[in-house]
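> I have a structure I would like to understand better, so I am pasting it below and will then ask my questions one at a time.
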Ligand SMILES: Cc1cc2nc3c(=O)[nH]c(=O)nc-3n(C[C@H](O)[C@H](O)[C@H](O)COP(=O)(O)O)c2cc1C
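Residue numbers (this note's numbering): 687 to 1047.
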């Protein structure tokens, strides 16, 4: 139903500038009743981070930055949703235009710069849905003008523990100057140590809030070695691979828009982010789960992420081009794949990581 509505609305939405179209989409979703999604086939269910995910297909951060339509998104059939990025103080982000559709490439470039209503508003919106079902995470960042960036993450963790099932430390957005420097070894060690400490203090007497770290696709394998070692040492619960890329592959068709500054997502991100996912899987040695994100636009792409090492997948850009019907298509396609290969979902995780790290998909 919602898929058919999207097909009708898509030409009108895509005639608008992307940010206006997105605002209208959020508005439309907010007017929708948040019904409970139909039950998923049990074969799609998977236990990750000690939580029972009804299916492995999640919404990536950045779609519902202001935490406005959580339950409507869950009712579209996602197995989990990640809200935000949220930063402590409200901030406007970069001037418009700051998001661009590269339609021929099924890609997006954005330089939002973590525009956020701020932590207090996010906290209130999440508190209003306390007790409702569904696995909901929040992506957290630091204010652009913050004098204590690590303190910003700690504040978000302190206030969101108990309101979200997981919190994702975003040190990989290319649109906040200097943010990705937090991926450097010394900073990261301090950031993760203080984040875990804040989580443990805030969670006392409650179920543990899962803390994830989301990394950029534009890092060297040496940097990845250090990130994985630090994450494991500090007891991070999982890694999300990856955020958008600052690279501009030669293959991009829309040369005019490719020059825009910002992070590229969608189809052209699939190969580099999946290779990095496989490299991460080989380093993590199954000690913690991974979420695979970047260019998931079909069941085949989701299946490839799983084979590369993802326990769960997320998507955003493909929704812009294919609409919410894609969620059901991916779930159906995954079930067909499981039948065809006579394998359980969790047995496929990382099966082809060694080949995929070499670029053999
Ligand atoms: C418009 C837009 C805004 C985004 N905002 C965030 C964000 O706030 N925090 C974050 O960690 N990732 C953000 N992302 C990155 C996505 O979560 C995801 O990692 C990336 O888009 C790759 O997935 P995709 O190819 O399925 O879009 C954003 C992506 C887009 C397109």
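The C-beta atom is built at its ideal place from N, Cα and C for all residues, glycine as well.
1) Quick one, which of 911, 936, 782, 976 has its alpha-carbon nearest residue 969's?
2) What do you reckon, is the C-beta of residue 830 under 7 Å from a heavy atom of ligand 3?
3) For residue 778, count the other beta carbons within 10 Å of its own beta carbon; 16 or more makes it buried, fewer makes it exposed. Which is it?
4) Helix, strand or coil for residue 842 per DSSP?
5) For residue 780, which residues in the same chain have their Cβ closer than 6 Å to its Cβ, ignoring the five residues on either side in sequence?
6) What are the start and end residues of the alpha helix (DSSP H) that includes residue 905?
7) Can we say the stretch 956-964 touches the stretch 916-929, given the rule of at least three CB pairs closer than 8 Å?
8) My guess is that residue 1002 and residue 951 are in contact by the Cβ rule of under 8 Å, so how many angstroms apart are they, rounded?
9) Indicate, with yes or no, if ligand 1 has a heavy atom lying under 7 Å from the CB of residue 930.
10) Does the beta carbon of residue 804 fall short of 7 Å from some heavy atom of ligand 1?
11) Pick helix, strand or coil for residue 915, following the three-state DSSP scheme.
12) To which residues of the same chain is residue 724 closer than 8 Å at the C-beta, ignoring the five residues directly before and after it?
13) Measuring alpha carbon to alpha carbon, tell me which of 973, 867, 888, 795 ends up nearest residue 901.
14) Measure the C-alpha to C-alpha separation of residue 761 and residue 1010 and round it to an integer number of angstroms.
15) Can you list the beta strand (DSSP E) stretches of 3 or more residues lying completely in the stretch 716-760, in chain order?
16) To test your reading of the DSSP string, which unbroken beta strand (DSSP E) runs of 3 or more residues are found completely within the stretch 814-841?
17) Flag residue 786 as yes when its Cβ comes closer than 7 Å to any non-hydrogen atom of ligand 1, and as no otherwise.
18) Please check the pair residue 996 and residue 963, which I expect to be a contact at CB under 8 Å, by giving their CB distance rounded to whole angstroms.
19) In whole angstroms, what separates the C-alpha of residue 1017 from that of residue 741?
20) Please tell me whether residue 955 and residue 937 are closer than 8 Å, where the distance is taken between their beta carbons.
21) Out of 765, 824, 775, state which residue places its alpha-carbon closest to the alpha-carbon of residue 750.
22) Is the stretch 1016-1032 touching the stretch 976-987, taking contact as three or more C-beta pairs under 8 Å?
23) In three-state terms, what does DSSP make of residue 997?
24) Let me know the secondary structure DSSP gives residue 970 once reduced to three states.
25) Return yes when the Cβ of residue 787 is within less than 8 Å of the Cβ of residue 697, no when it is not.
26) Measure the CB-CB distance between residue 712 and residue 767 and report whether it falls below 8 Å.
27) Count the other CB atoms, across all protein chains shown, that sit within 10 Å of the CB of residue 923; report buried if there are 16 or more and exposed otherwise.
28) Which partner residues does residue 978 have in the DSSP bridge list?
29) Taking 7 Å as the cut-off, is the CB of residue 873 close to at least one heavy atom of ligand 1?
30) Give a yes or no on contact between the stretch 789-796 and the stretch 834-850, applying the rule of three or more CB pairs nearer than 8 Å.
31) From 717, 736, 784, 692, pick the residue whose C-alpha is nearest to that of residue 893; which is it?
32) Would you mind giving the Cβ-Cβ distance between residue 774 and residue 744, rounded to the nearest angstrom? I have them listed as a contact below 8 Å.
33) Which of helix, strand or coil does DSSP assign to residue 984?
34) With the cut-off set at 8 Å, would you say residue 918 and residue 855 are in Cβ contact?
From the atom records:
1) 911
2) This structure lacks ligand 3; the ligands present are ligand 1.
3) exposed
4) helix
5) 797, 799
6) Where residue 905 is concerned, there is no enclosing alpha helix (DSSP H), given that its DSSP letter is neither H nor E.
7) yes
8) 6 Å
9) yes
10) no
11) helix
12) 763
13) 867
14) 11 Å
15) 732-734, 737-739, 743-745
16) 821-826
17) no
18) 6 Å
19) 8 Å
20) no
21) 824
22) yes
23) coil
24) helix
25) no
26) no
27) buried
28) 927, 999
29) no
30) no
31) 736
32) No, residue 774 and residue 744 are not in contact; Cβ-Cβ is about 25 Å, not under 8 Å.
33) coil
34) no
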